[in-house]
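These notes concern the structure reproduced below.
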Amino acid sequence: DTGTLVLTVASGGLSAGTPYVVSLVLRNKAAAQAVAATVSVSAVVDSGAEHHSPVASVDMAADAGALLGVTNGASPLVSEEVVFDVRSVGQSFPFVDGSTTISVTLAASHPVSATSTITLSGLTGTQTADEDALALTSSPSNVFETAWDWSMTDGTLVLTVASGGLSADTSYTVSFTLRNNAADHAAAAVSVSGSVDSGGDFGSPIDQVVVTSDTGDLDGVTGGKAPLRAVKVALDVLNMAQGFPLADASNKISVTLSTTIDLLENSTVTLSGFTGTQSTDTATLPAFSTPEDAFDPTALWEQSSGTITVTVGSGGLAAGSDFSLWFWVRNSATAQTTVSVQVAATIPSGGEFDSPIDSQAMVPSTSNVMGVTSGASPGLTVLGEFSVKHIAQSVPLVSASNELSVTLTPTVDLPA
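Residues 19 to 434, numbered by the working numbering, are exactly what the sequence shown covers, in order.
Put into structure tokens, the structure is as follows:
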């Protein structure tokens, strides 16, 4: 309690006029101490007999130099707490199941030495297993070791400061990739703490504090920049119609789609189940859209499954707006009933995992076309016939003028 250390001079003694340095390791207080300890020194010189010679107590001259960013930090037992003055976190991809890059920016109030650890916690709700690689990068580069400790259950990532350490009041950004939850997920409340390596038995703790989340919108998601915020996208307008229901003919298929959230550029939309056509497989089926650049002008077509896959064009598709797509197929040579068409989509994350939009049934048009009941319903194919086929003449005499009368009643409209 008195802070007293008693040393005994070893054999050989101390020579006059010769400086001697003794070093000892103590553990600083848990709380900051701004005032240096007043250290005094006294001694007793052993005479070898009954009475010894005292050396009077005098105060020691304290080193007043700065150390590790602490004013008077070289003075004995002066100590300050290291804190993260700058701390922010955001993400790159706010959709379920996809890969999202979490970026954390930190700046410490004091230098942080090599082999110190920084712990990010609260990153719960991901699908990234403990052993999965996190594709960790930093700016400036290589300020953290390539080895880390990640726990999916706890949502904790422990980073180790690389050689060179971190300078005081300098911002460093570390980025790593996690996989979002498979369901809608609220933003994570991320905290940061650490331990500054002192080179001895005890490091200096950096108390846990909340990291400020980016609350900006991203890709049409309110607050989508917040870490691990994830939403599930759905298509909410799913209309489909055809223009020519007669067998063996070319048929224009029209699709109208709308999405609840922005559909990013290079997302893919897949319609499947449009079976029974005579259109053969191709990777360059012409596709048309409104607006003109809503989808790429060529699509992938697979005949057996009746699947067409189109790619969202530059600029993506804005939420809440209707987008039209149409393409041509050749109808079956025989009659066919309406087919059930499904639509699904995939949003690219730019990482290992993309975000799926679950399959939903397209809504077929029930309008009559060309005299065919529900002829606009996709896949419905009929054979045109004449329900009445009658011919007669007016004069059955040789050499006479004769008027032939033909009566026809088609089962379908015959366009001009």
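Idealized CB from N, CA, C, for every residue including glycine.
Just the Cα atoms here: how many angstroms apart are residue i and residue j?
{"i": "ALA394", "j": "VAL381", "result": "11 Å"}
{"i": "ALA165", "j": "SER131", "result": "17 Å"}
{"i": "LYS250", "j": "THR327", "result": "21 Å"}
{"i": "VAL229", "j": "GLY108", "result": "10 Å"}
{"i": "SER285", "j": "ASP431", "result": "40 Å"}
{"i": "THR89", "j": "SER127", "result": "12 Å"}
{"i": "ALA200", "j": "ALA434", "result": "54 Å"}
{"i": "SER58", "j": "ALA92", "result": "17 Å"}
{"i": "SER297", "j": "ILE375", "result": "27 Å"}
{"i": "LEU264", "j": "GLU403", "result": "10 Å"}
{"i": "ALA259", "j": "ASP280", "result": "24 Å"}
{"i": "TRP344", "j": "SER106", "result": "46 Å"}
{"i": "ALA312", "j": "PRO428", "result": "40 Å"}
{"i": "THR119", "j": "GLY334", "result": "21 Å"}
{"i": "GLY238", "j": "THR274", "result": "20 Å"}
{"i": "PHE162", "j": "LEU86", "result": "20 Å"}
{"i": "PHE194", "j": "GLY369", "result": "11 Å"}
{"i": "THR240", "j": "ALA151", "result": "29 Å"}
{"i": "ALA379", "j": "GLN360", "result": "4 Å"}
{"i": "ALA301", "j": "SER307", "result": "17 Å"}
{"i": "THR174", "j": "ARG197", "result": "14 Å"}
{"i": "GLN51", "j": "ALA125", "result": "22 Å"}
{"i": "ALA234", "j": "LYS243", "result": "For the record, residue 234 in the displayed sequence is Gly; it is not Ala. Whole-angstrom Cα-Cα distance: 5 Å."}
{"i": "PRO309", "j": "SER342", "result": "7 Å"}
{"i": "PHE102", "j": "LEU184", "result": "12 Å"}
{"i": "TYR190", "j": "ASN160", "result": "11 Å"}
{"i": "SER71", "j": "GLY217", "result": "39 Å"}
{"i": "SER423", "j": "SER412", "result": "8 Å"}
{"i": "HIS69", "j": "THR133", "result": "53 Å"}
{"i": "TYR38", "j": "VAL104", "result": "44 Å"}
{"i": "THR364", "j": "HIS408", "result": "57 Å"}
Under the rule that 16 or more other beta-carbon atoms within 10 Å means buried, what is residue i, buried or exposed?
{"i": "ASN349", "result": "buried"}
{"i": "ALA305", "result": "buried"}
{"i": "SER332", "result": "exposed"}
{"i": "ALA248", "result": "buried"}
{"i": "ALA67", "result": "exposed"}
{"i": "ALA410", "result": "exposed"}
{"i": "VAL390", "result": "buried"}
Would the beta-carbon of residue i fall within 8 Å of that of residue j?
{"i": "LEU282", "j": "PRO223", "result": "no"}
{"i": "THR135", "j": "THR178", "result": "yes"}
{"i": "VAL192", "j": "SER209", "result": "no"}
{"i": "ALA80", "j": "ALA54", "result": "yes"}
{"i": "GLY140", "j": "ALA207", "result": "yes"}
{"i": "ALA61", "j": "PRO129", "result": "no"}
{"i": "SER272", "j": "GLY116", "result": "no"}
{"i": "GLY83", "j": "LEU246", "result": "no"}
{"i": "ASP314", "j": "THR329", "result": "yes"}
{"i": "GLU320", "j": "ASP340", "result": "no"}
{"i": "SER41", "j": "THR137", "result": "no"}
{"i": "SER383", "j": "ASN257", "result": "yes"}
Please name the residue, chosen from the options, that lies closest to residue i on a Cα-to-Cα basis.
{"i": "VAL387", "options": "PHE313, PHE404, LEU44, LYS270", "result": "LYS270"}
{"i": "VAL63", "options": "VAL27, GLY182, ALA336", "result": "VAL27"}
{"i": "ALA204", "options": "SER139, PRO112, LEU264", "result": "PRO112"}
{"i": "LYS47", "options": "GLY241, ALA34, ASP19", "result": "ASP19"}
{"i": "THR5", "options": "SER193, THR36, GLY261, VAL114", "result": "This structure cannot settle anything about residue 5, because the visible part of the chain is limited to 19 through 434."}
{"i": "ALA337", "options": "GLY217, ASP115, SER276", "result": "SER276"}
{"i": "PRO158", "options": "LEU152, LEU175, ALA180, LEU141", "result": "ALA180"}
{"i": "LEU278", "options": "ASP254, LEU25, SER65, LEU44", "result": "Reading off the sequence shown, one finds Thr at residue 278, where the question assumed Leu. For THR278, the nearest C-alpha among the options comes from ASP254."}
{"i": "ASP215", "options": "ARG197, SER65, GLY182, ALA267", "result": "GLY182"}
{"i": "SER405", "options": "GLN411, ASN420, THR425", "result": "THR425"}
{"i": "THR325", "options": "LEU154, LEU335, TRP346, GLY334", "result": "TRP346"}
{"i": "ASP219", "options": "GLN411, ASP115, HIS408, VAL43", "result": "VAL43"}
{"i": "LEU401", "options": "GLN321, ALA351, PRO37", "result": "ALA351"}
{"i": "VAL122", "options": "ASP372, THR155, THR142, VAL114", "result": "THR155"}
{"i": "MET78", "options": "THR56, SER71, HIS69", "result": "THR56"}
{"i": "ALA267", "options": "GLY397, PRO72, LEU25", "result": "GLY397"}
{"i": "LEU303", "options": "THR316, GLU310, ASP232", "result": "THR316"}
{"i": "VAL114", "options": "ASN160, ASP202, TYR190", "result": "ASP202"}
{"i": "ARG45", "options": "LEU25, GLY221, VAL101, THR22", "result": "GLY221"}
{"i": "SER213", "options": "VAL24, VAL176, TYR190, ASN420", "result": "VAL176"}
{"i": "SER65", "options": "SER231, TYR38, PHE371, GLY31", "result": "GLY31"}
{"i": "SER231", "options": "SER322, SER110, ASP225, ALA252", "result": "SER110"}
Flag residue i as yes when its Cβ comes closer than 7 Å to any non-hydrogen atom of the ligand NAD, and as no otherwise.
{"i": "PRO396", "result": "No copy of the ligand NAD appears in this structure; indeed no ligand is present at all."}
(message) Between the segment 132 to 148 and the segment 164 to 177, can you find at least three pairs of beta-carbon atoms closer than 8 Å?
(response) yes
(request) Evaluate contact between the segment 97 to 107 and the segment 340 to 359, counting only Cβ atoms and requiring at least three cross-stretch pairs below 8 Å. (result) no
(message) Does the segment 407 to 416 come into contact with the segment 286 to 294, if we say contact requires no fewer than three beta-carbon pairs (one atom in each stretch) closer than 8 Å?
(response) no
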